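Notes for the one structure printed next.
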Amino acid sequence: MENTKFLLDEDEIPRKWYNIQADLPTPLDPPINPATKEPVKASDLEPIFPVELIKQEVSTERWIPIPEEVLDVYRLWRPTPLYRAVKLEKALKTPARIYFKWEGVSPPGSHKPNTAVAQAYYNMKQGVARLATETGAGQWGSSLAFATCLFDLDCTIYMVRVSYEQKPYRRILMETWGAECIPSPSNRTQFGKKMLEADPECPGSLGIAISEAIEDAATHEDAKYSLGSVLNHVLLHQTIVGLECKKQFEMADDYPDVIFGCVGGGSNFSGACFPFVADKLSGEKPELRAVACEPKACPTLTKGPYTYDHGDTAKLTPLLKMYTLGHEFVPPPIHAGGLRYHGDAPLLCKLVKDGFVEAAAYHQNEVFEAAVLFARTEGFVVAPETAHCVKAAIDEALRCKKTGEEKVILFANSGHGHFDLAAYDAYLTGKLIDYEYPAELVKQALAKLPK
Ligand SMILES: *Cc1c(COP(=O)(O)O)cnc(C)c1O
616 MENTKFLLDE DEIPRKWYNI QADLPTPLDP PINPATKEPV KASDLEPIFP
666 VELIKQEVST ERWIPIPEEV LDVYRLWRPT PLYRAVKLEK ALKTPARIYF
716 KWEGVSPPGS HKPNTAVAQA YYNMKQGVAR LATETGAGQW GSSLAFATCL
766 FDLDCTIYMV RVSYEQKPYR RILMETWGAE CIPSPSNRTQ FGKKMLEADP
816 ECPGSLGIAI SEAIEDAATH EDAKYSLGSV LNHVLLHQTI VGLECKKQFE
866 MADDYPDVIF GCVGGGSNFS GACFPFVADK LSGEKPELRA VACEPKACPT
916 LTKGPYTYDH GDTAKLTPLL KMYTLGHEFV PPPIHAGGLR YHGDAPLLCK
966 LVKDGFVEAA AYHQNEVFEA AVLFARTEGF VVAPETAHCV KAAIDEALRC
1016 KKTGEEKVIL FANSGHGHFD LAAYDAYLTG KLIDYEYPAE LVKQALAKLP
1066 K
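Under my numbering, the letters of the sequence shown match residues 616 to 1066, in that order.
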């Protein structure tokens, strides 16, 4: 009988995060201040981020110790299990071995609290009283609400108005953890007021909500801003996933040939694969493949150019070097809301550019088909975001069936889909539309890139 899961003891939770900046063949291109066109200085960031997170953002130390208080909260749900998907393998009749690392066991149901808890802790240590952030469908907002609640911080969440009105469950979750959830655009900020004056019915967007949260933090002495993906320190905190996973592969006496993960801003995929990609960078595992999976409707890594762009629509953030579809890109309304970002994490983009990480894109119907097969074999109903890498893993396993290869496949199972059942319903009743983002619209959005 094959083992179905590999469990670590609580005292085996890694004590340090892995910083891949220490091992890059060439350094990351710095973020640029759009006003001065010079690299961003630490002091530019201090109004919105605590000093310790700014240090982590630029650090090239390979290992960064995880504070005891953060480990103490991680223990609520970490270490998370590594599963061998034996029933899925049988259903596919593949000689491949399929593993998945399951982050759906955290209280908010995804990998996001791995960074939310660390960010809330460093802000609390610096005496910050309140965090402001944005959320789309509410996955990040609920994770930060959970984390701030445990460290006694107040939390203000600007939630895209359409989601606020149409998706109440994650809002209720945020409020249960004591956060204040405000539909964006709101009259709390100058930027929000401007948007509402222009259009009182404005449905909002992630770009607008980011601008409101940053303005809130920048204009209140006791408040700071928090971001759930993209930045180096966020990817750093997520490496706890891959570090645990490496220990679990030792228990299994195995090692992945290929790692798949879904990519919105790039945090869960990078967190799961960077500790393994380290072995590729060092030359120890030259054959290892890591594949970033994204929607065809928002094909950042597969169709975008690698260039400097703004992180948000209102151009408040520094210019980041990344693959991008342009900061004015408005993706079609696919159900994997967490994968609708126009750019991706600079660290991940650089590894793609340098050939250490690959990318692939999928349509939503094929993605949900894979998620339903997974639910009917392994039981877990995964988030629509995660479903993208389930599809990739199944495709690889079927390829192995043809060739007879006994490849070892790992995918990052980033979260459950219990708040996304309407999306499953749309798939099951044949109402899901496949969007291929037209090359013409990508071209138009790219014309607005900063020079
Ligand atoms: C937010 C989210 C994602 C996408 O964000 P990344 O930063 O790319 O990881 C993926 N899966 C789940 C379950 C999410 O909540």
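All C-beta atoms in this analysis are idealised placements derived from N, C-alpha and C, irrespective of residue type, glycine included.
All values derive from a computational prediction rather than experimental measurement.
Can you give the Cα-Cα distance for Val892 and Ile825, rounded to whole angstroms? One alpha carbon belongs to Val892, the other to Ile825, and they sit about 31 Å apart.
At least three beta-carbon pairs within less than 8 Å, the region 924-942 to the region 893-908: No, the region 924-942 does not touch the region 893-908.
Measuring only from the beta carbon, is Phe884 closer than 7 Å to any heavy atom that is part of ligand 1? Checking the 7 Å criterion, the Cβ of Phe884 is within range of a heavy atom belonging to ligand 1.
Straight-line gap, Ala813 to Ile713 (C-alpha atoms, nearest Å): Put simply, the backbone Cα of Ala813 is about 52 Å away from that of Ile713.
Could you check if Trp755 belongs to the surroundings of ligand 3, using beta carbon to heavy atom distance under 7 Å? Ligands in the displayed structure: ligand 1; ligand 3 is not one of them.
Taking 8 Å as the threshold, find out whether the region 758-770 comes into contact with the region 724-744 through three or more Cβ pairs. Yes: the two stretches touch, three or more of their Cβ pairs being nearer than 8 Å.
Out of curiosity, what's the CA-to-CA distance linking Gln781 and Ile797? Each residue's Cα considered, the two are about 14 Å apart.
Identify the continuous beta strand (DSSP E) that holds Cys913 and give its terminal residues. In this chain, Cys913 is not harboured by any beta strand (DSSP E), its DSSP state being neither H nor E.
Distance, Pro999 Cα to Asp1035 Cα: Rounded to whole angstroms, the separation of the alpha carbons of Pro999 and Asp1035 is 7 Å.
Contacting residues, own chain, Cβ-Cβ under 8 Å from Asn980 (five flanking each side not counted): Contacts found: Tyr1042, Leu1047, Asp1049.
By how many angstroms is the C-alpha of Pro649 removed from the C-alpha of Tyr698? Rounded to the nearest whole angstrom, the C-alpha separation of Tyr698 and Pro649 is 45 Å.
The alpha helix (DSSP H) spanning Cys860 covers which residue range? Counting along the chain, the alpha helix (DSSP H) containing Cys860 begins and ends at 847-866.
Cβ-Cβ distance between Val845 and Ala960 below 8 Å: Taking 8 Å as the Cβ cut-off, Val845 and Ala960 qualify as a contacting pair.
According to the neighbour-count rule (16 or more other Cβ atoms, all chains shown, within 10 Å of its Cβ), is Asn618 buried or exposed? Exposed, since its Cβ has fewer than 16 Cβ neighbours within 10 Å.
Between Cys877 and ligand 1, is the CB less than 7 Å from at least one heavy atom? Result yes, Cβ under 7 Å from ligand 1.
Lys1058 - containing alpha helix (DSSP H), residue span: Following the DSSP letters along the chain, one finds Lys1058 inside the alpha helix (DSSP H) bounded by residues 1054-1061.
Starting from Leu966, trace the alpha helix (DSSP H) both ways and give me its first and last residue. Counted as a single uninterrupted DSSP element, the alpha helix (DSSP H) harbouring Leu966 occupies residues 961-968.
If you measure between the beta carbons of Asp969 and Pro640, is that distance less than 8 Å? Yes, the pair counts as a contact, with Cβ atoms nearer than the cut-off.
Say yes only if the C-beta of Lys965 is nearer than 7 Å to one or more non-hydrogen atoms of ligand 1, and no if none qualify. Because no heavy atom of ligand 1 lies under 7 Å away, the Cβ of Lys965 does not count as near it: no.
Report buried or exposed for Ala986, applying the criterion of at least 16 other Cβ atoms within 10 angstroms of its Cβ. Burial call: buried.
Report yes if the C-beta distance between Val873 and Lys1022 is below 8 Å; otherwise report no. A contact, by the Cβ cut-off of 8 Å.
Pair within 8 Å by beta-carbon distance, Pro629 and Glu859: Going by C-beta atoms, Pro629 is nearer than 8 Å to Glu859.
Beta-ladder partner(s) of Ile1048, from DSSP: The partner list for Ile1048 (beta bridge, DSSP) is empty, contrary to what the question assumes.
Through-space distance from Ile949 to Tyr1039, alpha-carbon basis: Going by the C-alpha atoms only, they are around 12 Å apart.
Extract the residue ranges of the alpha helix (DSSP H) inside the region 681-717, only unbroken runs of 4 or more that lie entirely within it. For the region 681-717, whole alpha helix (DSSP H) runs of length 4 or above, ordered along the chain, are 683-689, 701-707.
Ends of the beta strand (DSSP E) at Tyr977? Counting along the chain, the beta strand (DSSP E) containing Tyr977 begins and ends at 973-977.
Going by DSSP in three states, Thr619 sits in which element: helix, strand or coil? If DSSP states are grouped into helix, strand and coil, Thr619 belongs with coil.
Any heavy atom of ligand 1 within a distance shorter than 7 Å of the CB on Thr1001? Yes - ligand 1 has a heavy atom lying nearer than 7 Å to the Cβ of Thr1001.
Using a threshold of 7 Å, is the CB atom of Lys782 nearer than that to any non-hydrogen atom of ligand 1? False, no ligand heavy atom lies under 7 Å from that Cβ.
Got a sec? Which residues, its chain only, sit under 7 Å from Arg786 by beta carbon, not counting five neighbours each side? For Arg786, where only same-chain residues beyond five positions count, the Cβ hits under 7 Å are Gly753, Met774, Tyr779, Cys796.
From Gln863 to Gln853, what distance separates their C-alpha atoms? Cα to Cα, Gln863 sits roughly 16 Å from Gln853.
Pairwise C-alpha distance: Lys702 and Thr1044: Lys702 has its alpha-carbon roughly 26 Å from the corresponding atom of Thr1044.
Quick one: does the C-beta of Ser725 sit closer than 7 Å to a heavy atom of ligand 1? Yes - ligand 1 has a heavy atom lying nearer than 7 Å to the Cβ of Ser725.
Is the region 905-917 touching the region 988-1006 in the sense that three or more CB pairs, one from each, lie closer than 8 Å? They touch, by the three-pair rule.
Rounded to a whole number of angstroms, what is the C-alpha to C-alpha distance between Trp692 and Pro646? Those two C-alpha atoms are separated by around 34 Å.
Expressed to the nearest angstrom, what Euclidean distance is found between the alpha-carbon atoms of Ser882 and Ser820? So the alpha carbons of these two residues sit roughly 21 Å apart.
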